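Everything in the sequence shown is counted per the UniProt record's numbering, starting at 1 for the first residue and increasing by one.
Note that CB positions come from ideal geometry on N, CA and C, so glycine has one too.
Computed from a prediction, not measured in an experiment: that's the story for all the values here.
Here the structure is laid out as structure tokens; the discussion comes afterwards.
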Amino acid sequence: MDELLAKATQGVDMDAPDAFLHIFINLMAMVPWAALFWWNLIFVAVGALLGWWRGRVLAGVIWALVLGPIGWIIVLLAPKSAKPPPLPR
């Protein structure tokens, strides 16, 4: 934890009014954004696949985008989308 705090506060004047902003920027620079992007893309693809299987593609994509793998569970627990009855002739 001390190493993380040292990296976050590196080059920051703690008495400056915008010290919080500089610490926040330092923390955001340590986040592995590329890995997070690709994992999120995989979560959405699997959510779309599960949504297609359950008849709710848009719901699968949205739940996976918002909650990741937890959204998969929501899509799987939701009842299957039933086709509407045919119109009388």
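- Taking 8 Å as the cut-off, the beta carbon of L50 is found closer than this to the beta carbon of G60.
- Within the region 17-65, complete alpha helix (DSSP H) segments of at least 4 residues are found at 19-29 and 33-54, given in chain order.
- In the three-state reduction of the DSSP assignment, K83 falls in the coil class.
- Just so you know, the alpha carbons of V31 and D15 end up roughly 25 Å apart.
- Secondary structure of P69 (DSSP, three-state): helix.
- Between the alpha carbons of K7 and G47 lies a gap of roughly 36 Å.
- For A6, the uninterrupted alpha helix (DSSP H) run begins and ends at D2 to A8, by DSSP.
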